[in-house]
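Written out below as structure tokens is the structure these notes cover.
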Amino acid sequence: LFCIAGSLAIPAPSILLVPPHPSSQEDPIHIACVAPGGFPGANFTLYRGGQVVQLLQASADQLRVTFNLSGGGREAPGGPFSCQYGVLGEHKQPQLSDLSESISVSFPGKT
């Protein structure tokens, strides 16, 4: 068993690309990160290639957030993107989930 800060890791979130899908590198990218049931109001972190891109907190009754990456900037194209969430567990100890699967963003016409 792997222990993180003295507690077990919590289940990984789901990650998905939200329409409209970008058609060029100048278009914004929308990526949703969804925690499993039972973890509303989590703090989400979006990574690109292991580097933190954005942080968002879900509303107290929500299991998901949508990250909006502006097109054309350094933070946008490609990927791979993954996300993670954290919650306060028992005794107010922060718990981090496992990382989600990775997704990459492709642009039509690019090779």
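The sequence shown begins at 61 in my numbering and counts up one residue at a time.
Virtual Cβ for every residue (Gly too), placed ideally from N, Cα, C.
Keep in mind the model is a prediction, meaning the values are calculated, not measured.
Runs of beta strand (DSSP E) with 3 or more residues, each lying fully within the segment 94-170, are found at 103-108, 111-117, 124-129, 141-148 and 154-156, listed in chain order.
Of Glu150, Ala120, Ser166 and Asn128, the smallest CA-CA separation from alanine 95 is found for Ala120. Around the beta-carbon of serine 130, fewer than 16 other beta-carbon atoms lie within 10 Å, marking it exposed. A direct Cα-to-Cα measurement between glycine 146 and valine 78 gives close to 22 Å. Around the beta-carbon of valine 125, 16 or more other beta-carbon atoms lie within 10 Å, marking it buried.
Taking all protein chains shown into account, glutamine 122 has fewer than 16 neighbouring C-beta atoms within 10 Å of its C-beta and is therefore exposed. Counting the other CB atoms within 10 Å of its CB gives leucine 106 a total of 16 or more, which places it among the buried residues. Under the three-state reduction of DSSP, histidine 81 is assigned to coil, being neither helix nor strand.
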